[in-house]
Each structure stands twice: as structure tokens, then as C-alpha cells.
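Protein chains in written order, with numbering that gives the first Met the number 0: chain A, 0 to 118; chain B, 0 to 118; chain C, 0 to 101; chain D, 0 to 101; chain E, 0 to 125; chain F, 0 to 125.
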Amino acid sequence: MKFGILVNEGPYNHQASDSAYQFAKAALEKGHEIFRVFFYYDGVNNATSLGQPPSDDRNVTKNWQKLAEDHKVDLVVCVAAGLRRGIVEGNLAPGFRISGLGQLIEAGIQADRLVTFGD
Amino acid sequence: MKFGILVNEGPYNHQASDSAYQFAKAALEKGHEIFRVFFYYDGVNNATSLGQPPSDDRNVTKNWQKLAEDHKVDLVVCVAAGLRRGIVEGNLAPGFRISGLGQLIEAGIQADRLVTFGD
Amino acid sequence: MSVLHTVNKSPFDRNNLDSCLNHAQPGDAILLIEDAVFAAMAGTAVAGKMADAAKTFRLHVLGPDLKARGFDPAGVVTGVTVVDYGGFVELAAQNKAINAWL
Amino acid sequence: MSVLHTVNKSPFDRNNLDSCLNHAQPGDAILLIEDAVFAAMAGTAVAGKMADAAKTFRLHVLGPDLKARGFDPAGVVTGVTVVDYGGFVELAAQNKAINAWL
Amino acid sequence: MDEMDSGIVKKFMFVNRKAPHGTVYALEVLEMVLISAAFDQDVHLAFIDDGIYQIKKGQAPAEIGVKNFSPTYRALEGYDIEKLYVEAEGMAERGLTEDDLLVPVEVLSRAEMGKLMAEMDVVLTA
Amino acid sequence: MDEMDSGIVKKFMFVNRKAPHGTVYALEVLEMVLISAAFDQDVHLAFIDDGIYQIKKGQAPAEIGVKNFSPTYRALEGYDIEKLYVEAEGMAERGLTEDDLLVPVEVLSRAEMGKLMAEMDVVLTA
Numbered sequence: 000m001k002f003g004i005l006v007n008e009g010p011y012n013h014q015a016s017d018s019a020y021q022f023a024k025a026a027l028e029k030g031h032e033i034f035r036v037f038f039y040y041d042g043v044n045n046a047t048s049l050g051q052p053p054s055d056d057r058n059v060t061k062n063w064q065k066l067a068e069d070h071k072v073d074l075v076v077c078v079a080a081g082l083r084r085g086i087v088e089g090n091l092a093p094g095f096r097i098s099g100l101g102q103l104i105e106a107g108i109q110a111d112r113l114v115t116f117g118d
Numbered sequence: 000m001k002f003g004i005l006v007n008e009g010p011y012n013h014q015a016s017d018s019a020y021q022f023a024k025a026a027l028e029k030g031h032e033i034f035r036v037f038f039y040y041d042g043v044n045n046a047t048s049l050g051q052p053p054s055d056d057r058n059v060t061k062n063w064q065k066l067a068e069d070h071k072v073d074l075v076v077c078v079a080a081g082l083r084r085g086i087v088e089g090n091l092a093p094g095f096r097i098s099g100l101g102q103l104i105e106a107g108i109q110a111d112r113l114v115t116f117g118d
Numbered sequence: 000m001s002v003l004h005t006v007n008k009s010p011f012d013r014n015n016l017d018s019c020l021n022h023a024q025p026g027d028a029i030l031l032i033e034d035a036v037f038a039a040m041a042g043t044a045v046a047g048k049m050a051d052a053a054k055t056f057r058l059h060v061l062g063p064d065l066k067a068r069g070f071d072p073a074g075v076v077t078g079v080t081v082v083d084y085g086g087f088v089e090l091a092a093q094n095k096a097i098n099a100w101l
Numbered sequence: 000m001s002v003l004h005t006v007n008k009s010p011f012d013r014n015n016l017d018s019c020l021n022h023a024q025p026g027d028a029i030l031l032i033e034d035a036v037f038a039a040m041a042g043t044a045v046a047g048k049m050a051d052a053a054k055t056f057r058l059h060v061l062g063p064d065l066k067a068r069g070f071d072p073a074g075v076v077t078g079v080t081v082v083d084y085g086g087f088v089e090l091a092a093q094n095k096a097i098n099a100w101l
Numbered sequence: 000m001d002e003m004d005s006g007i008v009k010k011f012m013f014v015n016r017k018a019p020h021g022t023v024y025a026l027e028v029l030e031m032v033l034i035s036a037a038f039d040q041d042v043h044l045a046f047i048d049d050g051i052y053q054i055k056k057g058q059a060p061a062e063i064g065v066k067n068f069s070p071t072y073r074a075l076e077g078y079d080i081e082k083l084y085v086e087a088e089g090m091a092e093r094g095l096t097e098d099d100l101l102v103p104v105e106v107l108s109r110a111e112m113g114k115l116m117a118e119m120d121v122v123l124t125a
Numbered sequence: 000m001d002e003m004d005s006g007i008v009k010k011f012m013f014v015n016r017k018a019p020h021g022t023v024y025a026l027e028v029l030e031m032v033l034i035s036a037a038f039d040q041d042v043h044l045a046f047i048d049d050g051i052y053q054i055k056k057g058q059a060p061a062e063i064g065v066k067n068f069s070p071t072y073r074a075l076e077g078y079d080i081e082k083l084y085v086e087a088e089g090m091a092e093r094g095l096t097e098d099d100l101l102v103p104v105e106v107l108s109r110a111e112m113g114k115l116m117a118e119m120d121v122v123l124t125a
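Next up, the structure:
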């Protein structure tokens, strides 16, 4: 089954991106496909290349990047939401790409299920 | 009277930073002093130099910068909260400075009133 | 000396206002800002509670936040005072501490 | 085909769970995650409401979120099923749409 | 527009539960809704709980320094987005009537809204 | 430590109203509390509403991939932060008793908690 995932909140402040990551990992382990993870609202902050969380805590951005590396998951950051909040090509972590909101609607159409994580 | 202001949330996603800015402006207009504005939690995202909100919307970061320029308001971003979220010297907007959480406690001690804006 | 309590969440969505009303002391000032301003309007399901609260506390609502949301400051519950940001500053100055019910 | 509803907010703080229960259809699946897991525990002020809801809906709670908060999955309200992230994925696959009550 | 024309038409519902201005969700959901129009899907907008405040008439956020995006709801019709639903119980709780709303909507009871939601293929909430 | 010794001692209260793990506030408030210890202020911690869950025993967030910071509450005593208050009504609503808590606390009624809050000079809530 093809899942689309929408992440509405930034890392650390809300559990949303952690929950989304755990869901994605479990879906892949069960042999499902992740069609796309779309980052919207403050969710775009998951894609910063500049975050340095304490070494004894998880690194949310790195978690997403590893998922992209290991399973070729498509990580898409909304361009408009990113511009508003200062997530742009210059500080985009490798593994993420910036694109339009249409990519979210497309995920809703193409994926069998769209799962949202937010506040 | 000396006011300290604590901003807990990032720009745009919550009204908190807009409310804090309007409060600060009104306090200065009434002849009060702003001892310090401290940005904590996602509030650190107010200090990004990379935000480009739509031209027909307000620019929250620029609002703060103008307050700092016109009234020498001390805008302090928490170093630990900023590191976690990717607000560091490299993308810090002019007018803000990065320092420790002790600066917030100091504001609580030195200011006559501490006003918090958050979610 | 009394305390200023600020509430910024809708009374229909969250418990912030209730928690504030449960802890504030008689005579304290309460200021509704942002999405809490809905609690100030007459004719809602919480208007009765607010009218009661006005007997114990000095209730205020931020006019700019009411207008932003399309509400007429003239339509607030009896006993609620409408203030602007300057009034917010004065309330903060006149009370000894500010407790934000986040 | 039924729907999976996810709720992630504490029932003591916000109205998300109530709004979900008010709109879900009989037979729908509801999964409590993050701060909504408090609603699953026996002995709370909302336990009676959850026991009632279990008669109409297929109630689930995310075990990892319960354990994170120090609660024993064995202590949930009767009728609530504890699942892990794999179970969350299965619920999402078995229902035709997922409605997140944010 | 080739890539947007997949031939698949799904029932999309944007569920608005949050008030405008206090948080950005109302504005950014509206941006989603406008984009969705390009994909020829069967788009529904539901306003329940505090989401009803999004379509309150007379919004004037100039003094809080925030953009007034509420006129955009009136423009939805031009994008062929015409299925707007508001919940009666939520309006009553907030002391609002249809006259307070800035766009024509279909008023549904909570029970009817629940049934309509159950028909959707994709539900986007914020 | 010179700049921290202003000679002023204020009554600070950190009011915790939010559950841990679902949001970061509990963790980052704790970081504030630890820093405050260096300033020789009269520090109080209040746990009300969902904030009571912050000091629930047995937290084990390994499976959600999040750091378990709850042992830090036990370390507060070492920083001379010993004025911890929990609200009785909030515990009852959540089905919790003092035995469920990982640190010694003073249990106050809601009315007592309100009176204590009113004595503070600086109240920090999250």
C-alpha cells in the first residue's frame, strides 16, 4: 500500500514529526511504500541543515535524512511555507527538496492513504 | 517602568510574536523601557535572517529589527534552544544576539515586570 | 497587590480560561487576548460564566484582537472593559506580576 | 468502509477528543496517540466516557506513547486495544481514510 | 497542467477547526484549498468548532498588524470551490448565525456533518 | 558569578500546565529552572492541569525515540530547588496519587495553589 505523510509541525517543539517518522519507519518495515512525506506549516523546520540538538537527544532532521537514504523516501518541503519561515535552498538539509503545495495534493490523489501529524 | 518580554513561539504560526511586538511598541510609546526581549522555545525562529514572507504580509523579523534600531531594544535568542532548531550565528538576523538562558532569569530579576507571549 | 492574568486561547477549544478563573484571586485583573477574545462576546455558550466572573475579577479584552476577528467591541458581555495595546501596557504596569495562562 | 480517526491531544486540555467522538460514525476506528493517550487510562475523570465510546467505536491507544508517559498498557479502560506503530500502520491500511483531529 | 490531470477524482475535505489570526492554520489551509482547485478533485470545505470563526464577516486585523485574508473565502467560487459546510451546533455555541458569515454555506447538523465526513477519500485537518 | 549576584531576591514560580513528550515545554522549562538556581532566587515549581504528568513515575520514552529527562526532576534537590507543589484536584481528575509521583512534593488544594501564585513576583508559564 502507498502512504502519503503530511507533517505540520517543526521538530522538538511538538511530537508530530517524531510520530510521523515512527509511522513511516513501521510502514516501510511492513513492506509498504511511502509515496511522499510533505512538510507544511512549521513542518518545514524539519528540513533545516543548521540544527544541532544536544548529543544525548534524537536528531529529527537526521532521522528523516536516513529514511531518505535507506529507502529513497521523497521528502518535500513546501516552498511558500519555507520562504515565510526561512527554510530555503541555502539551509536545506541534504535529502529534502523544495517544491510547491501541489505536491501535497498529488500525494493525496496518488497515495492510497494520507496520514497527517500535527498540533 | 522596565518591562522584560518573553516570546515562546515562532513567527507566523502563532500570533504570540505579533502580540509581543505590539505590546513592546505600545510600552515604548508610553515612555516605558524594554529591558530585554528574550526568545525561547520556537521563539528563536523569530531571529532567522532567511525568512521572506509574502510582500503583502508583515515581516515579523523586520518588525523586531526596527524596534532594536529605533529604541536600542536588546533582542536575545537562547543559545541552546537556537542550536536545537537551527538558529545560529550564520543565519541570525542583524539586531538579535545569541546568549544563555541566564539572560531570561536576569530579565525576571532586573525588570519591573516580565510579560510572556506564547501558545 | 493584584495580579494581571492573560489568556490567549479560545474557551471552546482549551481549558486555559477555566484554569485561570480557578486560580485567580478576587480583584485580580484578567485580560483576554488573541483567540481568547471570543469569551468576551455576549450571546455565546460561555457568556453566563463570564458575567459571573465579572463580579469577582476585573475583566478586560483586547479591542484590536476583537476587531481582527470581526467582532464589535460594543457587543461584549456587561462588565468586560475593552482596552487597546496601550491599555494592556497599563494593566501590566498597575499589577505586580503578569501570569500568562499558556 | 470505515474511517480511522487519530487524536493526539489531552482530553483534559482540549476539545479534540470530544469533537472526534461527536463526528465519528459507529464502527469507526479511533486511535489515541501522543498526549491523547491519557484518555485511555482507567480511573480518570474521562474513563466513563471512554467506556461508553468503546461500545460504539473500535478504540485503540498507542502503547509506545503510553509507556513514554509512565503508564502501564495493562491499565487501560476495558474495550481499548493497545497497539504499536506497526498496529497504527495496519489500522491506517485497513480503513479507507484517516482523519486527524488536530 | 498534464501532471495534474491524473484521471483520478477523489473526494477531498479540508476540515477547519481552528480560529483565524491566533494561528496561521486558517491562512495556510486556504492556500492548500486554492492549489487543490488545479487538480480537478471533488473539494469540500468543512467549518466546525472554532473553524467557523474563519468565515466571520467584518474581520479587520490591521491593528494587530496581520493580513486580512478573509476576502479570499469569497473568491473560492471563482475556482469552482462551492461545497462549503458549516455546523449548526458550533454556530449556536458561539452565538453566530448564517447572517454573520461572509460566504454562502450549507448549514449541517453535527450528525449530518459526521456522515458527510465519512464519505471522503482524503481528509486534511488543521 | 558576580553578575548573577544582584542582591535582589524575587519569588519566581515556574507553572507547568503541559504534559511531557507531546510538546517540548516540560523539557525546556526544566532547563530554565536549572539555570535559575545559579541566581539565588526564591524558586517555586507548580504542577497543575496536565503539568502533573511531568512528574509521573516510570516514564520510558525510548520507543518513541525521545530522551527521558524525567530523572532530572529528582536532581533538583541538589540545586536547592525544593519548593515543588502539585494540585490535588488535578491529580484526582487524572486518577493519580502522590505514590505515582517521582519526587517529593507538597500537595495543595486548588484554592491554596491560587493563593500561593498570588504571592509571586515573577511567574513563568508554559
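No residue lacks a Cβ here, since even glycine has one placed at the ideal position from N, Cα and C.
As assigned by DSSP and simplified to three states, the class of residue i
{"i": "V6(A)", "result": "strand"}
{"i": "K66(E)", "result": "coil"}
{"i": "N14(D)", "result": "coil"}
{"i": "H43(E)", "result": "strand"}
{"i": "H22(C)", "result": "helix"}
{"i": "K65(A)", "result": "helix"}
{"i": "D1(F)", "result": "Annotation note: pLDDT 46 at D1(F) (below 50); position unreliable, coordinate value reported separately. In this structure, D1(F) counts as helix in the three-state DSSP scheme."}
{"i": "E27(F)", "result": "helix"}
{"i": "Q102(B)", "result": "helix"}
{"i": "V8(E)", "result": "coil"}
{"i": "N44(A)", "result": "helix"}
{"i": "I33(B)", "result": "strand"}
{"i": "R119(A)", "result": "In this structure chain A extends from 0 to 118, so residue 119(A) is not present and cannot be described."}
{"i": "H4(D)", "result": "strand"}
{"i": "T22(E)", "result": "strand"}
{"i": "L95(F)", "result": "coil"}
{"i": "L49(B)", "result": "coil"}
{"i": "L100(E)", "result": "strand"}
{"i": "N12(A)", "result": "coil"}
Beta-carbon neighbours of residue i, restricted to chain F and to distances below 9 Å
{"i": "S1(D)", "result": "Neighbours of S1(D) on chain F: none; closest Cβ ~26 Å, over 9 Å."}
Where the alpha helix (DSSP H) through residue i begins and ends
{"i": "Y20(A)", "result": "A15 to E28"}
{"i": "A99(D)", "result": "No alpha helix (DSSP H) holds A99(D); the beta strand (DSSP E) holding it covers A96 to W100."}
{"i": "E86(F)", "result": "Careful: E86(F) lies outside any alpha helix (DSSP H), inside the beta strand (DSSP E) at K82 to E86."}
Beta-carbon separation (whole angstroms), residue i vs residue j, contact threshold 8 Å
{"i": "G85(A)", "j": "T115(B)", "result": "24 Å between Cβ atoms; not a contact."}
{"i": "L31(C)", "j": "A23(C)", "result": "Not quite, the Cβ-Cβ distance comes to about 13 Å (not below 8 Å), so this is no contact."}
{"i": "I97(D)", "j": "R112(A)", "result": "6 Å"}
{"i": "I7(F)", "j": "I104(B)", "result": "Actually they do not touch by this definition, with Cβ atoms about 11 Å apart."}
{"i": "F37(B)", "j": "V75(B)", "result": "5 Å"}
{"i": "D48(F)", "j": "F11(F)", "result": "No, D48(F) and F11(F) are not in contact; Cβ-Cβ is about 20 Å, not under 8 Å."}
{"i": "D79(E)", "j": "K9(E)", "result": "Not confirmed; about 16 Å, so no contact."}
{"i": "M49(D)", "j": "V6(D)", "result": "Actually they are not in contact, since the Cβ atoms of M49(D) and V6(D) sit about 11 Å apart, beyond 8 Å."}
Cross-chain neighbours of residue i in chain B, by beta carbon under 9 Å
{"i": "A92(C)", "result": "M0, F2, A26, K29, H31, D111 and R112"}
{"i": "I97(C)", "result": "R112, L113, V114 and T115"}
Within chain D, the residues that residue i reaches when beta carbons sit closer than 9 Å
{"i": "D118(A)", "result": "N7, K8 and L101"}
Start-to-end residues for the beta strand (DSSP E) that takes in residue i
{"i": "E111(E)", "result": "Where E111(E) is concerned, there is no enclosing beta strand (DSSP E), although the alpha helix (DSSP H) it sits in stretches over R109 to A117."}
{"i": "V121(F)", "result": "V121 to T124"}
Contact list for residue i against chain F, beta-carbon separation under 7 Å
{"i": "N12(A)", "result": "T22 and V23"}
Residues that residue i contacts on chain E, provided the C-beta gap is smaller than 7 Å
{"i": "N7(A)", "result": "A125"}
7 Å Cβ cut-off: residues of chain D touching residue i
{"i": "Q64(A)", "result": "Near Q64(A) there are no residues of chain D at all, since even the closest Cβ is about 20 Å away, more than 7 Å."}
Residues that residue i contacts on chain A, provided the C-beta gap is smaller than 7 Å
{"i": "V88(D)", "result": "F22, A25, A26, K29 and H31"}
Contact list for residue i against chain B, beta-carbon separation under 7 Å
{"i": "P93(A)", "result": "Per Cβ cutoff of 7 Å: no residues; P93(A) is ~14 Å from chain B at best."}
Within chain D, the residues that residue i reaches when beta carbons sit closer than 8 Å
{"i": "K114(E)", "result": "Q24"}
Within chain C, partners of residue i - CB distance below 7 Å
{"i": "D98(E)", "result": "Ordered by position in chain C, no residue passes the 7 Å Cβ test against D98(E), which lies about 12 Å from the chain."}
{"i": "S48(B)", "result": "Per Cβ cutoff of 7 Å: no residues; S48(B) is ~27 Å from chain C at best."}
Closer than 8 Å at the beta carbon, the chain E residues around residue i
{"i": "A39(C)", "result": "Simply none; closest approach about 11 Å."}
(request) Go through the stretch 72 to 98 of chain A residue by residue and report every complete run of the beta strand (DSSP E) that reaches 3 residues or more, in order. (result) 74 to 77 and 95 to 98
(request) Can you check the stretch 6 to 91 of chain D for any alpha helix (DSSP H) of at least 4 residues that lies completely inside it and give the ranges in chain order? (result) 15 to 22, 46 to 55 and 62 to 67
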